[in-house]
């Protein structure tokens, strides 16, 4: 039996240690020892599970293994993707547990419904975050704030590497 701990943070500014605390505490109370920790660092929950380190767990897990996650939204922010991931794990006989929701994944009608509802909430939260971001950027533009790279940043970057660029072009290399 292998116990996997899975953590995901969306940006490099975030820290997965708060997730780890909850997962380790749950494992200690449950008498489980974490064998493998898998981290998706700086990866949005919008990225499909198959394109993240999470899929290494899904591919490698066997019947009787455990996957412990801090909360369901760490698996993803797309209802369809979360349900597909959970269904694949469940069919393999892998035990999945979401610490913050104090909920294990099973194939009972109630378990399936709760997973669908919680993943729908995670997707809605992602959509609300996106909407607030777009509104904030629009407001900043209206207030005259320049967004993006500072003016001239690209020029300064090229100027700094002028010799390298010229040599590369003389040698027929593409940049």
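In the numbering used here, the protein residues as written are 625 to 799.
The beta-carbon is built from N, C-alpha and C at its ideal position, and this holds for glycine as well.
Computed from a prediction, not measured in an experiment: that's the story for all the values here.
Going by other Cβ atoms of all chains shown within 10 Å of its Cβ, with 16 needed for buried, is residue i buried or exposed?
| i | result |
| --- | --- |
| residue 775 | exposed |
| residue 785 | exposed |
| residue 747 | buried |
| residue 773 | exposed |
| residue 767 | exposed |
| residue 757 | exposed |
| residue 689 | buried |
| residue 638 | exposed |
| residue 788 | exposed |
| residue 643 | buried |
| residue 641 | exposed |
What residue range does the beta strand (DSSP E) around residue i cover?
| i | result |
| --- | --- |
| residue 692 | 690-693 |
| residue 660 | 660-665 |
| residue 727 | 727-729 |
| residue 720 | 719-722 |
Spell out whether any CB of chain D is found under 7 Å from the CB atom of residue i.
| i | result |
| --- | --- |
| residue 648 | Although the question refers to chain D, the structure presented lacks it and comprises just one protein chain. |
Secondary structure at residue i, three-state DSSP: helix, strand or coil?
| i | result |
| --- | --- |
| residue 628 | strand |
| residue 671 | coil |
Can you name the start and end residues of the alpha helix (DSSP H) that residue i belongs to?
| i | result |
| --- | --- |
| residue 683 | 678-684 |
| residue 705 | 703-715 |
| residue 797 | Counting along the chain, residue 797 falls outside any alpha helix (DSSP H), and DSSP gives it neither H nor E. |
| residue 642 | 641-654 |
The segment 734-745 / the segment 643-662 touching (three or more Cβ pairs under 8 Å): Two segments are said to touch when three or more pairs of C-beta atoms, one from each, lie closer than 8 Å; by this definition the segment 734-745 does not touch the segment 643-662.
The segment 674-689 touching the segment 756-767, judged by at least three CB pairs closer than 8 Å: Under the 8 Å Cβ criterion, the segment 674-689 does not count as touching the segment 756-767, having fewer than three qualifying pairs.
The segment 742-751 / the segment 699-718 touching (three or more Cβ pairs under 8 Å): The segment 742-751 is in contact with the segment 699-718.
Contact the segment 634-641 vs the segment 663-680: 3+ CB pairs below 8 Å: As far as the Cβ criterion goes, the segment 634-641 touches the segment 663-680, which means the pair count is three or higher.
Continuous alpha helix (DSSP H) assignments of at least 4 residues falling wholly in the segment 743-778: Those alpha helix (DSSP H) runs which fall completely within the segment 743-778 and span 4+ residues do not exist here.
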